[in-house]
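Q: The structure's right below; bear with me while I get my questions together.
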Amino acid sequence: MKTETAKNNGKVGNNGASKNGASDSKGNGKADMKVLKDQPVVEPKPIDVNQRVQKIKEARGLTIKTDRVIETLNRLREFKFLADDGSYLTISDRDNKEFSTTNSNLIELLVEHLEILLDGRAKQLEDQIVAFEI
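Start counting the sequence shown at 2; every next residue gets the next number (the working numbering).
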């Protein structure tokens, strides 16, 4: 359908509309046609089996780490501390140096700090799994 409007000089025009209803920015009634050039078809790269296996191993490694962190966090949360509970904490290294304490307040603070660290690490690993691409 052709729309006609009156212009200021009294002439009736088609306001840029062509016979087929298309309009152009020039207002001459001819529709601009853009010709798309043939673009080369991009074929997918062949799948390298070794790379795919390596990616799967990486993904599995992330899930194993996540499971281990969550298991450690759950075991840590099982501890209950009371003021005179008789809690005992020992930390030792490979050189057999040890730190031991029975101070339940200190032990509780250490456990709370470990929980915060493990929560952060679990979140970080989960984000890596979500963002992982094979």
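By construction, the Cβ of each residue, glycine as well, lies at the ideal position given by its N, Cα and C atoms.
(1) Quick check on Val88: does DSSP put it in helix, strand or coil?
(2) Does Gln52 come out as helix, strand or coil in the three-state DSSP assignment?
(3) Can you give the beta carbon distance from Ile130 to Thr73, rounded, assuming they're within the 8 Å contact cut?
(4) So the beta strand (DSSP E) Glu99 belongs to, where does it begin and stop?
(5) What does a CB cutoff of less than 8 Å around Ile135 pick up in its chain, not counting 5 residues either side in sequence?
(6) Would you check if there are 3 or more beta carbon pairs closer than 8 Å linking the segment 104-113 to the segment 82-91?
A: So, from the data block:
(1) Start at 1 with the first residue of the sequence shown, and residue 88 comes out as number 87. As written in the sequence, residue 88 is Ser, which differs from the Val given in the question. Coil at Ser88, not helix or strand.
(2) Numbered from its first residue, the sequence shown carries residue 52 at position 51. Three-state result, Gln52: helix.
(3) Here residue 130 corresponds to residue number 129 of the sequence shown, with the count starting at 1. Here residue 73 corresponds to residue number 72 of the sequence shown, with the count starting at 1. About 17 Å separates the Cβ atoms of Ile130 and Thr73, ruling out a contact at the 8 Å cut-off.
(4) Your numbering for residue 99 matches position 98 in the sequence shown. It spans 99-102 - the beta strand (DSSP E) in which Glu99 sits, taken as one unbroken run.
(5) The residue given as residue 135 occupies position 134 in the sequence shown. If we look at Ile135 and ignore the five residues flanking it on each side, its Cβ neighbours are Arg53, Lys56, Ile57, Ala60.
(6) yes
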